[in-house]
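Visitor:
Number of protein chains: 2
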Amino acid sequence: MTAPPPSQHPPRFLALADGSFGPMSSKTANACLRYTPGRVAAVLDAAQAGRTAERVLGFGGPVPVVATLDEGIALGATAVLVGIAPPGGRLPDAWRALVARAASLGLDVWSGLHTYLADDPLIAEAARAGGATIVDLRRPPADLVVAAGRVREVDATVVLTVGSDCNIGKMTAQLQLRDALVARGRRAAFAATGQTGILVEGRGIAVDAVVADFIAGAAERLTIEASEGADIVLVEGQGSIIHPSYSGVTYGLLHGSLPHAMVLCHQPSRRAIVNQSWVPLPPLPELVAMHEAAARPLRPAPVIAVALNTVDLDDEAARRAVAEAEDATGLPTTDPVRFDPGTVVDAIERFDAARRGA
Amino acid sequence: MTAPPPSQHPPRFLALADGSFGPMSSKTANACLRYTPGRVAAVLDAAQAGRTAERVLGFGGPVPVVATLDEGIALGATAVLVGIAPPGGRLPDAWRALVARAASLGLDVWSGLHTYLADDPLIAEAARAGGATIVDLRRPPADLVVAAGRVREVDATVVLTVGSDCNIGKMTAQLQLRDALVARGRRAAFAATGQTGILVEGRGIAVDAVVADFIAGAAERLTIEASEGADIVLVEGQGSIIHPSYSGVTYGLLHGSLPHAMVLCHQPSRRAIVNQSWVPLPPLPELVAMHEAAARPLRPAPVIAVALNTVDLDDEAARRAVAEAEDATGLPTTDPVRFDPGTVVDAIERFDAARRGA
């Protein structure tokens with residue numbers, strides 16, 4: 001989807017995260033809680049019912065965690081949000097009945113899964129009966145074309161987040177950097193490339209959901225669209241160029257968006273790709289060199305900063321990790337969620353000014 | 001599709017190549033003429049009607065080029081083959097009526113386009129009326145899963161062709177190498193990854209047509225399937241890791257098939273990506289290094305040979321190009337179509353023996 005979702009009123013979500021609500025899981029629910037908390041009525045996770053989002057995540061305020069759909073409705077939910085992104089993106093069988101029941105009661109269904117819920121006969125029929133709308137965030141536009149380097153005509157400075165692994169902070173870093181740049185008065189836009197980013201931003205294309213030949217074409221289009229009225233476009237990265245399942249998406253996104261510069265995202269505690277322990281993570285300087293080499297044949301782009309995700313470290317360890325990454329790479333480094341993102345924002349502004357010859 | 005196409009009798013094709021029949025275009029028709037010439041009744045190209053395939057291509061024997069559908073039917077065609085692979089893979093509007101008419105007359109429709117012809121109401125209705133079957137070679141299996149390195153359990157030696165650009169000989173090289181290995185008594189299998197390879201081989205998955213998250217998963221699956229009963233699996237490469245439109249497919253195929261070794265394909269006369277002149281082709285040694293670097297984080301794989309496409313050179317220039325590539329890379333080099341592929345076949349056998357510690 002590139003147009004805003006079709007709902008007339010901002011939805012109030014019951015975010016489904018049953019059995020998985022936590023800081024490093026339930027990615028879609030978490031982003032919604034961080035960036036649009038007013039849209040979340042409650043989170044559904046029976047195992048943590050009675051707590052608040054703040055207590056589970058460290059952010060999200062007093063949004064309650066509940067055990068049942070009915071409690072969510074009682075709290076004002078007008079839609080259910082399928083807030084997980086499992087491998088392959090398919091809906092767990094156990095959730096189908098719950099979502100169908102919600103739809104039959106008139107709650108809209110927002111989903112970021114690969115399996116489009118509007119194509120699920122059970123859920124579609126329930127939505128029809130209940131007068132509910134189904135918003136499949138990942139469904140790509142029907143009129144994609146293959147990439148042809150059109151993005152080179154964009155005047156804005158394009159910055160892409162890249163990472164050592166999936167689910168490591170590439171979207172969150174860009175949202176934090178965007179907010180900081182806007183606070184400095186810069187015309188900075190966020191280009192969403194995944195279901196969660198699209199949910200937060202209201203537009204974008206899920207590049208992992210397009211037909212493979214169109215990855216770069218989708219990246220080109222969403223970068224061009226985000227550049228309208230912006231001087232800096234912050235493209236949400238996906239996956240990792242060393243991820244055995246998703247590297248094609250990552251690489252196509254890099255060559256389609258043709259960034260002028262990259263920000264490398266990493267979680268210091270990770271030693272290997274999650275769930276693929278046979279792929280160890282290279283040291284940061286090697287990751288920097290690999291990304292610059294991958295970009296070079298099309299448009300050279302330096303890695304200009306490092307954004308760490310230190311969610312599982314205490315403050316002292318987090319500060320040490322930042323210092324170590326800075327030491328190893330020679331690049332400005334921060335955790336843009338935990339600490340002031342200023343040092344990385346400075347790097348982007350310096351790069352932008354140098355590029356424009358200012 | 002991974003099962004053989006559903007037709008009961010081998011089809012006799014009228015290969016549609018109107019306005020494009022030639023050595024470096026009409027890729028699907030050409031591969032069919034080279035590897036399964038008995039299946040081609042005629043080629044449709046009004047501009048070259050009256051000639052033979054041999055005269056236009058330099059191979060394909062006496063298969064006639066005709067100007068109309070009716071001539072093709074008179075020559076015994078039982079199916080039309082959409083024998084072009086345009087950017088994005090969509091059916092030219094002008095061809096829809098022709099294909100629909102063929103279907104309404106009972107000719108089966110075989111297509112390698114991204115636009116599935118079975119989903120085209122006009123053509124689907126014509127096929128229903130005419131009792132014709134529509135075979136969409138590119139339609140992926142519905143049950144793909146994301147890659148997880150399962151291909152590492154394959155005992156066979158996996159060799160992937162990679163290339164400096166699209167449409168440069170990656171499929172043809174593998175088919176020539178497969179035939180030569182089989183002639184030496186080796187159990188070698190061809191793993192098809194594109195519509196033309198699937199047409200020739202009768203099985204495979206078009207990795208450029210799957211949802212982007214499943215590129216590597218599709219590559220993993222087709223490599224595992226091809227390895228059954230084979231000691232050497234020759235995986236058909238796609239695109240190029242420097243191609244601005246398709247690099248994601250290429251890179252995902254590399255990380256999904258996890259080759260033990262690679263053969264680099266190149267056309268010496270090309271200086272830049274076709275239709276993307278802003279991307280110059282790096283020198284061969286640099287291409288070798290780039291591919292080895294891309295493979296390394298998951299499974300190190302050397303480039304062990306170079307396969308040139310010298311179709312547009314005379315014999316002397318072709319021999320010189322082979323010698324120059326050999327000199328530049330230090331690797332066994334040939335044009336496996338024009339010359340004896342033995343030197344590259346030797347390289348594969350040596351690599352296989354060394355890998356197995358023989």
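Going line by line, the protein sequences match chains A and B. Per the working numbering, the very first residue in the first sequence carries number 1; after that it's consecutive. Per the working numbering, the very first residue in the second sequence carries number 1; after that it's consecutive. C-beta atoms are modelled at their ideal positions from N, C-alpha and C, and glycine is treated no differently.
Cβ closer than 7 angstroms: which chain B residues qualify as neighbours of S111 (chain A)?
Guide: The premise fails here: S111 (chain A) is roughly 15 angstroms from chain B at the closest Cβ pair, so nothing lies under 7 angstroms.
Visitor: With a floor of 4 residues, list each alpha helix (DSSP H) that falls wholly inside the segment 214-283 of chain B, ordered by position along the chain.
Guide: Runs of the alpha helix (DSSP H) inside the segment 214-283 of chain B: 215-227, 247-257.
Visitor: Measure from the C-beta of V345 (chain A) to each C-beta in chain B and report whether the shortest distance is under 8 angstroms.
Guide: So, not an interface residue.
Visitor: N167 (chain A): which of A:G194, A:A148, A:R152 sits nearest, CA to CA?
Guide: Among A:G194, A:A148, A:R152, the Cα nearest to that of N167 (chain A) belongs to A:G194.
Visitor: Please report the residue range of the alpha helix (DSSP H) in which T133 (chain B) lies.
Guide: Premise fails: T133 (chain B) is in no alpha helix (DSSP H) and is neither H nor E.
Visitor: Please compile the residues from chain A whose C-beta is within a distance smaller than 8 angstroms of the C-beta of S257 (chain B).
Guide: Within chain A, no residue comes near S257 (chain B); the closest Cβ sits about 11 angstroms away, beyond 8 angstroms.
Visitor: Could you check the C-alpha separation between P62 (chain A) and T28 (chain A) for me, to the nearest Å?
Guide: About 18 angstroms.
Visitor: If you reduce the DSSP assignment to three classes, tell me which class V288 (chain B) lands in.
Guide: Reduced to three states, the DSSP call for V288 (chain B) is helix.
Visitor: Report, in whole angstroms, the separation of the C-beta atoms of T115 (chain B) and L91 (chain B), which I expect to be a contact under 8 angstroms.
Guide: Sure, about 5 angstroms apart at Cβ, within 8 angstroms.
Visitor: Please report the distance separating the alpha-carbon of V311 (chain B) from that of A294 (chain A).
Guide: Roughly 30 angstroms between the two C-alpha positions.
Visitor: Give a yes or no on whether 8 angstroms exceeds the smallest Cβ distance from A216 (chain B) to chain A.
Guide: With 8 angstroms as the cut-off, A216 (chain B) counts as an interface residue toward chain A.
Visitor: Helix or strand or just coil, what does DSSP make of A191 (chain A)?
Guide: Strand at A191 (chain A).
Visitor: Alpha carbon to alpha carbon, how far is Q174 (chain B) from E236 (chain B)?
Guide: Straight-line Cα distance between these residues: approximately 6 angstroms.
Visitor: For A3 (chain B) and R12 (chain A), I'd like the C-alpha separation in whole angstroms.
Guide: In this prediction, A3 (chain B) scores a pLDDT of 39, lower than 50, which makes its location untrustworthy; the coordinate-derived value is nonetheless stated afterwards. So the alpha carbons of these two residues sit roughly 46 angstroms apart.
Visitor: Considering Cα atoms alone, identify which of A:S245, A:P259, A:E286, A:P268 is closest to S257 (chain B).
Guide: S257 (chain B) has its Cα closest to that of A:S245, out of A:S245, A:P259, A:E286, A:P268.
Visitor: Taking only beta-carbon positions, decide if L377 (chain B) is within less than 8 angstroms of chain A.
Guide: Nothing about residue 377 (chain B) can be read from this structure; chain B reaches only from 1 to 358.
Visitor: List the endpoints of the continuous alpha helix (DSSP H) containing A173 (chain B).
Guide: 170-183 is the span of the alpha helix (DSSP H), which, as asked, contains A173 (chain B).
Visitor: From the beta carbon of S104 (chain B), is the nearest beta carbon of chain A less than 8 angstroms away?
Guide: Closer than 8 angstroms: no.
Visitor: Is T161 (chain B) near K170 (chain B), with beta carbons less than 8 angstroms apart?
Guide: Yes, the pair counts as a contact, with Cβ atoms nearer than the cut-off.
Visitor: Out of curiosity, what's the CA-to-CA distance linking R296 (chain A) and P259 (chain A)?
Guide: Looking at the two C-alpha atoms, the distance is approximately 11 angstroms.
Visitor: Taking Cβ positions only, does V279 (chain A) come closer than 8 angstroms to chain B?
Guide: It does; some Cβ of chain B falls within 8 angstroms.
Visitor: Suppose the cutoff is 8 angstroms on Cβ atoms and the five residues either side in sequence are ignored; what does the same chain contact list for R150 (chain B) look like?
Guide: Within the same chain, R150 (chain B) has close Cβ partners E220, I224.
Visitor: Leaving out the 5 sequence neighbours to the left and right, which residues in its chain are closer than 6 angstroms to G357 (chain B) when beta-carbon positions are compared?
Guide: Counting only Cβ-Cβ distances below 6 angstroms, and skipping sequence neighbours, we find nothing.
Visitor: How big is the Cα-Cα spacing for A53 (chain A) and A206 (chain A)?
Guide: Spanning the two alpha carbons is a distance of roughly 27 angstroms.
Visitor: For the alpha helix (DSSP H) that contains T343 (chain B), what are its first and last residues?
Guide: Per DSSP, T343 (chain B) belongs to the alpha helix (DSSP H) from 342-355.
Visitor: If you check the beta carbons only, do V359 (chain A) and T333 (chain A) fall under 8 angstroms apart?
Guide: There is simply no residue 359 (chain A) to check, as chain A begins at 1 and stops at 358 in what is shown.
Visitor: Listed from N- to C-terminal order along the chain, which residues in the segment 229-260 of chain A have their beta-carbon within a distance smaller than 7 angstroms of any beta-carbon of chain B?
Guide: So the list reads I242, P244, S245, Y246, S247, G248, V249, Y251, G252, H255, given in the order they occur along the chain.
Visitor: Would DSSP call G58 (chain A) helix, strand or coil?
Guide: In this structure, G58 (chain A) counts as coil in the three-state DSSP scheme.
Visitor: For S20 (chain B) and Q267 (chain B), what's the separation of their Cα atoms in angstroms?
Guide: Those two C-alpha atoms are separated by around 20 angstroms.
Visitor: At which residues does the alpha helix (DSSP H) containing G72 (chain B) begin and terminate?
Guide: Taken as a continuous stretch (DSSP letters only), the alpha helix (DSSP H) holding G72 (chain B) covers 69-74.
Visitor: Among residues of its own chain, excluding the 5 on either side of L33 (chain A), which ones have a beta-carbon nearer than 7 angstroms to its beta-carbon?
Guide: For L33 (chain A), where only same-chain residues beyond five positions count, the Cβ hits under 7 angstroms are V40, A53, L57, F59, G60, V63.
Visitor: Going by the CB atoms, is the gap between A103 (chain A) and I73 (chain A) shorter than 8 angstroms?
Guide: For I73 (chain A) and A103 (chain A), no; Cβs fall outside 8 angstroms.
Visitor: Just verifying my parser: in three-state terms, what is the DSSP assignment at P5 (chain B)?
Guide: Its pLDDT being 48, under 50, P5 (chain B) is placed unreliably in this model, and the value from its coordinates should be taken loosely. Coil.
Visitor: Give me the Cα-Cα distance between P6 (chain B) and V135 (chain B), rounded to the nearest whole angstrom.
Guide: Low confidence applies to P6 (chain B): its pLDDT is 45, below 50, so where it sits in the model is not reliable enough to give any reading.
Visitor: Can you name the residues of chain A whose CB is closer than 7 angstroms to the CB of A147 (chain B)?
Guide: Those within 7 angstroms of A147 (chain B) in chain A are P244, S245.
Visitor: DSSP on P121 (chain A), reduced to helix/strand/coil?
Guide: Residue state, collapsed to three classes: helix.
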